[in-house]
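Asks:
Number of protein chains: 2
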Amino acid sequence: MSPVSLSRPPEPGPPDVTHGTAQPSRHEVLGVVLQVRDDVLHVLLWRRALAPHAGRWSLPGGTLGPAEDLRESIRRQLAEKVDVRELSHLEQLDSRGAPRRVPGERVVATTYLGLVPGHADPHVPADTRWHPVDALPRLAFDHADVVGAGRSRLRSKLSYTNLGFALVPPTFTMSELARYYRACLGHEVDVTNLQRILARRDQIEPTGDVLRSGRSGGRPAAVYRFRHPSLEVTDAFAVLHPPRIATPG
Amino acid sequence: MSPVSLSRPPEPGPPDVTHGTAQPSRHEVLGVVLQVRDDVLHVLLWRRALAPHAGRWSLPGGTLGPAEDLRESIRRQLAEKVDVRELSHLEQLDSRGAPRRVPGERVVATTYLGLVPGHADPHVPADTRWHPVDALPRLAFDHADVVGAGRSRLRSKLSYTNLGFALVPPTFTMSELARYYRACLGHEVDVTNLQRILARRDQIEPTGDVLRSGRSGGRPAAVYRFRHPSLEVTDAFAVLHPPRIATPG
DNA sequence: TCAGTTATCGACGACCAGTCGATAACCAGA
DNA sequence: TCTGGTTATCGACTGGTCGTCGATAACTGA
Numbered sequence: 039m040s041p042v043s044l045s046r047p048p049e050p051g052p053p054d055v056t057h058g059t060a061q062p063s064r065h066e067v068l069g070v071v072l073q074v075r076d077d078v079l080h081v082l083l084w085r086r087a088l089a090p091h092a093g094r095w096s097l098p099g100g101t102l103g104p105a106e107d108l109r110e111s112i113r114r115q116l117a118e119k120v121d122v123r124e125l126s127h128l129e130q131l132d133s134r135g136a137p138r139r140v141p142g143e144r145v146v147a148t149t150y151l152g153l154v155p156g157h158a159d160p161h162v163p164a165d166t167r168w169h170p171v172d173a174l175p176r177l178a179f180d181h182a183d184v185v186g187a188g189r190s191r192l193r194s195k196l197s198y199t200n201l202g203f204a205l206v207p208p209t210f211t212m213s214e215l216a217r218y219y220r221a222c223l224g225h226e227v228d229v230t231n232l233q234r235i236l237a238r239r240d241q242i243e244p245t246g247d248v249l250r251s252g253r254s255g256g257r258p259a260a261v262y263r264f265r266h267p268s269l270e271v272t273d274a275f276a277v278l279h280p281p282r283i284a285t286p287g
Numbered sequence: 039m040s041p042v043s044l045s046r047p048p049e050p051g052p053p054d055v056t057h058g059t060a061q062p063s064r065h066e067v068l069g070v071v072l073q074v075r076d077d078v079l080h081v082l083l084w085r086r087a088l089a090p091h092a093g094r095w096s097l098p099g100g101t102l103g104p105a106e107d108l109r110e111s112i113r114r115q116l117a118e119k120v121d122v123r124e125l126s127h128l129e130q131l132d133s134r135g136a137p138r139r140v141p142g143e144r145v146v147a148t149t150y151l152g153l154v155p156g157h158a159d160p161h162v163p164a165d166t167r168w169h170p171v172d173a174l175p176r177l178a179f180d181h182a183d184v185v186g187a188g189r190s191r192l193r194s195k196l197s198y199t200n201l202g203f204a205l206v207p208p209t210f211t212m213s214e215l216a217r218y219y220r221a222c223l224g225h226e227v228d229v230t231n232l233q234r235i236l237a238r239r240d241q242i243e244p245t246g247d248v249l250r251s252g253r254s255g256g257r258p259a260a261v262y263r264f265r266h267p268s269l270e271v272t273d274a275f276a277v278l279h280p281p282r283i284a285t286p287g
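Protein sequences, first through last, are from chains U and D.
Counting with the numbering used here, you get residues 39 to 287 for the letters of the first sequence.
Counting with the numbering used here, you get residues 39 to 287 for the letters of the second sequence.
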């Protein structure tokens, strides 16, 4: 317990220069925008044109405007890469402020997770591209770590919320849904189990329609939709475990 | 998708003045420090001396130093209120940057949850005090909301992690432990159930000791400790439900 | 009509938590 | 030392939920 001055006001006043040289600190927002494309989870990356790390892929984002809220700012920045209306979900991940996380002046970053539903195919500018999350190029700064945080958040929330609604088209079959879950979770998802879990939690309901069979035949699939298009947390937890390894003997 | 410039570099350069008047933005850290004292959850508050909101209770914290990491900063700021060594756990909650969240210039705040184990009784300065979380005075700025976020985080993490270790003394009886959980969760906690859940998750182990009975008699209680003094996430979830209301009929 | 394919359903079993009654181990006072 | 009161611990029952799998349904194309 250090006996220092006890009244450091957190309101306007001279900047605290006790713990480093006084210099302007910038605040930026970064977005991990994920979408399942062709059964593979992708992240939207942007190719840096300027130094430092020119040519490297990085997360979309930019400096917080002086009169902007954080969420407002990331929406604006993402609007340059993806149509905002395509974003089915957006939530804050965390903030990072290590003094040397970017070269030059210190930049505090607040990161967001954004989701784009699978049926959307937003036009992205030329310097921007979807990358499979399991085969990322070398990313700028600490952005690889941020992508990891986004994937991890998505994975856990798929288990105990209805976040699936943000991944899929408005209507879908159970097989399709399972493929979306597989892409995000990284392991097999049993269709029977998924159907029962989501139904028991009242997250999905049948539309009444059935799909025509494909050319390879098979029973036509019933069409479902999510009941609520916004995030809800489940009371009864369950982790959507990966399939158990059969215990030999 | 707005056809704007696509290369807004998130690195050094002139500040973005497109979305508000250019003015320096400050970054602060705030801590929700919780402790169970006499079976009641308390939060550490600090009485503001200066305007705005002079006289109101507020969360400890302050301006981020130019060369400080966020976590480093909140530890430093809390050292003025509570001995850092008493903090058994510290994790980031979220960041808030609404332009008018504090009067005057815009301040982005990154908030942290801190826990102090129940046996500690750190010396706190005169303008600082423990307040029962269920009977808080009017707080400054958005600090009441931040306290809510901290309580909520603690509640959910008690269910699916071993965070209990950060609440209790190094050793404890099951009855004591249940009282700590009760204080944080806000509902009854069955001792038998708690014991079985934590044991099956390998979070606790008996020390072998037993406590002498009090003057009112009773069987001596076995003494336990947490196995691991750092945060671990449980695989098998379970929410430590409040007791079910007996369904009449 | 039949084989192949895909979807759906029902049932079984394991696991785990919520509950409760039985038992253990102590105290104090008669 | 007996007895009732008190607290802690344990075992057992139960219900719910999931992981699994085999049976059945509903289609296709040959």
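Ideal Cβ placement from N, Cα and C applies to all residues, glycine included.
Considering only the beta carbon of each residue, do G202/D and Q241/D sit closer than 9 Å?
Replies: Walking along the second sequence from the start, residue 202/D turns up at place 164. Walking along the second sequence from the start, residue 241/D turns up at place 203. Their beta carbons are under 9 Å apart, which means G202/D touches Q241/D by this criterion.
Asks: Cβ of V146/D less than 9 Å from any chain U Cβ?
Replies: One-based indexing of the second sequence puts residue 146/D at position 108. Closer than 9 Å: yes.
Asks: If you draw a straight line from the C-alpha of R237/D to the C-alpha of T199/D, how long is it?
Replies: As a working mapping, residue 237/D is identified with position 199 in the second sequence. As a working mapping, residue 199/D is identified with position 161 in the second sequence. Before going on, a small fix: residue 237/D reads as Ala here, not Arg. Going from the Cα of A237/D to the Cα of T199/D covers about 13 Å.
Asks: One question on the structure: do A221/U and W95/U come within less than 9 Å of each other, judged by their Cβ atoms?
Replies: Here residue 221/U refers to the residue found at position 183 when the first sequence is read from its first residue. Here residue 95/U refers to the residue found at position 57 when the first sequence is read from its first residue. The answer is no: Cβ separation not under 9 Å.
Asks: Give me the DSSP bridge partner(s) of F264/U.
Replies: As a working note, residue 264/U is residue 226 in the first sequence. Bridge partners of F264/U: I242/U.
Asks: Using a Cβ-Cβ cut-off of less than 9 Å, give me the residues of the stretch 99 to 122 of chain U that come near chain D, in sequence order.
Replies: Residues passing the 9 Å Cβ filter: G99, G100, T101, L102, G103, P104, A105, E106, D107, L108, R109, E110, S111, R114, Q115, A117, E118, K119, V120, D121, V122.
Asks: Taking 8 Å as the cut-off, does the stretch 63 to 78 of chain D touch the stretch 144 to 163 of chain D (at least 3 CB pairs, one atom from each stretch)?
Replies: In short, these stretches touch, since the Cβ pair count reaches three.
Asks: Shortest alpha-carbon distance to P13/D belongs to which of T166/D, A136/D, N231/D, F210/D?
Replies: Absent from the model: residue 13/D. The displayed extent of chain D is 39 to 287, so no value can be given.
Asks: Can you tell me the Cα-Cα spacing of L72/D and G188/U, whole angstroms?
Replies: Position 34 of the second sequence, counted from the start, is the residue given in the question as residue 72/D. Position 150 of the first sequence, counted from the start, is the residue given in the question as residue 188/U. Their Cα atoms are separated by approximately 28 Å.
Asks: Buried or exposed: G255/U, going by 16 or more other Cβ atoms within 10 Å of its Cβ?
Replies: By one-based count along the first sequence, residue 255/U stands at place 217. When all chains shown are included, G255/U counts as exposed.
Asks: Considering Cα atoms alone, identify which of S194/U, S190/U, D159/U is closest to V206/U.
Replies: Counting from 1 along the first sequence, the entry for residue 206/U is found at position 168. Of the listed residues, the one whose Cα sits closest to V206/U is D159/U.
Asks: Let me know the alpha helix (DSSP H) ranges lying completely inside the stretch 184 to 266 of chain U, each 4 residues or longer, listed in chain order.
Replies: Counting whole runs of 4 or more residues, the stretch 184 to 266 of chain U contains the alpha helix (DSSP H) stretches 212 to 223, 229 to 238.
Asks: Compare the Cα-Cα distances from P244/D to each of L215/D, R193/D, L97/D and report the closest residue.
Replies: In the second sequence, the residue the question calls residue 244/D occupies position 206. The option with the nearest alpha carbon to P244/D is L215/D.
Asks: With which residues is A147/U paired in a DSSP beta bridge?
Replies: The residue you call residue 147/U lines up with position 109 of the first sequence. In DSSP, A147/U forms a bridge with E66/U, R134/U.
Asks: Which class does S111/U belong to by DSSP, given the choice of helix, strand or coil?
Replies: As a working note, residue 111/U is residue 73 in the first sequence. If DSSP states are grouped into helix, strand and coil, S111/U belongs with the helices.
Asks: Going along chain D, which residues have a C-beta under 9 Å from Q130/U?
Replies: Counted from its first residue, the first sequence places residue 130/U at position 92. Simply D132, S133.
Asks: With 16 other CB atoms within 10 Å as the buried threshold, where does H225/D fall?
Replies: Stepping through the second sequence from its first residue, residue 225/D is reached at position 187. By the neighbour-count rule (16 or more Cβ atoms within 10 Å), H225/D is not buried but exposed.
Asks: Taking Cβ-Cβ distances shorter than 7 Å, what residues in chain D pair up with H157/U?
Replies: Counted from its first residue, the first sequence places residue 157/U at position 119. What H157/U touches in chain D: nothing, since even the nearest Cβ is about 17 Å away.
Asks: Ends of the beta strand (DSSP E) at P163/U?
Replies: Taking the first sequence and counting its residues from 1, the one referred to as residue 163/U is at position 125. That residue, P163/U, is in no beta strand (DSSP E); it is neither H nor E in DSSP.
Asks: According to DSSP, simplified to helix, strand and coil, what is H91/D?
Replies: For the purposes of this step, residue 91/D is identified with residue 53 of the second sequence, where counting begins at 1. Three-state DSSP puts H91/D in coil, outside helix and strand.
Asks: Answer with yes or no whether the minimum CB distance from L65/U to chain D is below 9 Å.
Replies: Walking along the first sequence from the start, residue 65/U turns up at place 27. Residue 65/U is actually His in this sequence, not Leu. Closer than 9 Å: yes.
Asks: Looking at I112/D and the ligand GTP, is the gap between the Cβ and the nearest heavy atom below 8 Å?
Replies: The ligand content of the structure shown is nil, which means the ligand GTP is not present either.
Asks: Please list, in chain order, the chain D residues whose beta carbon lies closer than 7 Å to that of A182/U.
Replies: Start at 1 with the first residue of the first sequence, and residue 182/U comes out as number 144. The premise fails here: A182/U is roughly 16 Å from chain D at the closest Cβ pair, so nothing lies under 7 Å.
Asks: Of all the options V261/D, P141/D, A204/D, V185/D, which has the alpha carbon lying nearest to the alpha carbon of A105/U?
Replies: To locate residue 105/U, count along the first sequence from 1; it is residue 67. It is P141/D whose Cα lies nearest to the Cα of A105/U.
Asks: Against chain U, which members of the stretch 239 to 262 of chain D pass a CB distance test of less than 7 Å?
Replies: Within the stretch 239 to 262 of chain D, no residue qualifies.
Asks: With C-beta atoms as the reference, is F128/D less than 9 Å away from R114/D?
Replies: On the second sequence, position 90 is the one that residue 128/D refers to. On the second sequence, position 76 is the one that residue 114/D refers to. At residue 128/D the sequence reads Leu, which differs from the Phe that was named. No. Outside cutoff.
Asks: Pick from H181/D, G135/D, V78/D: whose alpha carbon is nearest that of D107/U?
Replies: Taking the first sequence and counting its residues from 1, the one referred to as residue 107/U is at position 69. Checked all of H181/D, G135/D, V78/D; the closest Cα to D107/U is G135/D.
Asks: Could you tell me the distance, in whole angstroms, from the CA atom of D180/U to the CA atom of H91/U?
Replies: On the first sequence, position 142 is the one that residue 180/U refers to. On the first sequence, position 53 is the one that residue 91/U refers to. Rounded to whole angstroms, D180/U to H91/U spans 12 Å at the Cα level.
Asks: Nearest-angstrom Cα distance between G93/U and L174/U?
Replies: As a first step, residue 93/U must be located in the first sequence, where it is residue number 55. As a first step, residue 174/U must be located in the first sequence, where it is residue number 136. Going from the Cα of G93/U to the Cα of L174/U covers about 14 Å.
Asks: Can you name the start and end residues of the beta strand (DSSP E) that T101/U belongs to?
Replies: For the purposes of this step, residue 101/U is taken as the residue at position 63 of the first sequence. Where T101/U is concerned, the enclosing beta strand (DSSP E) stretches over 99 to 101.
Asks: Just to check my reading of the structure: V81/U and V70/U have Cβ atoms closer than 8 Å, yes? What is that Cβ distance to the nearest angstrom?
Replies: Locating residue 81/U in the first sequence gives position 43, counting from the first residue. Locating residue 70/U in the first sequence gives position 32, counting from the first residue. Between V70/U and V81/U the Cβ distance is about 6 Å, and since that is below 8 Å, they are a contact.
Asks: Identify every residue that forms a DSSP beta bridge with L128/U.
Replies: For the purposes of this step, residue 128/U is identified with residue 90 of the first sequence, where counting begins at 1. Bridge partners of L128/U: G152/U.
Asks: Using a beta-carbon distance below 9 Å, is P137/D in contact with chain U?
Replies: For the purposes of this step, residue 137/D is identified with residue 99 of the second sequence, where counting begins at 1. Yes, P137/D lies at the interface with chain U (some Cβ there is under 9 Å from its Cβ).
Asks: Is it right to say P208/D is buried, meaning 16 or more other beta carbons lie within 10 angstroms of its own, or is it exposed?
Replies: Here residue 208/D refers to the residue found at position 170 of the second sequence. By the 10 Å Cβ count, P208/D comes out exposed.
Asks: Between W84/D and K119/D, which are expected to be in contact by the criterion C-beta below 8 Å, what is the C-beta distance as a whole number of angstroms?
Replies: Counting from 1 along the second sequence, the entry for residue 84/D is found at position 46. Counting from 1 along the second sequence, the entry for residue 119/D is found at position 81. The Cβ separation is near 7 Å, so the contact holds.
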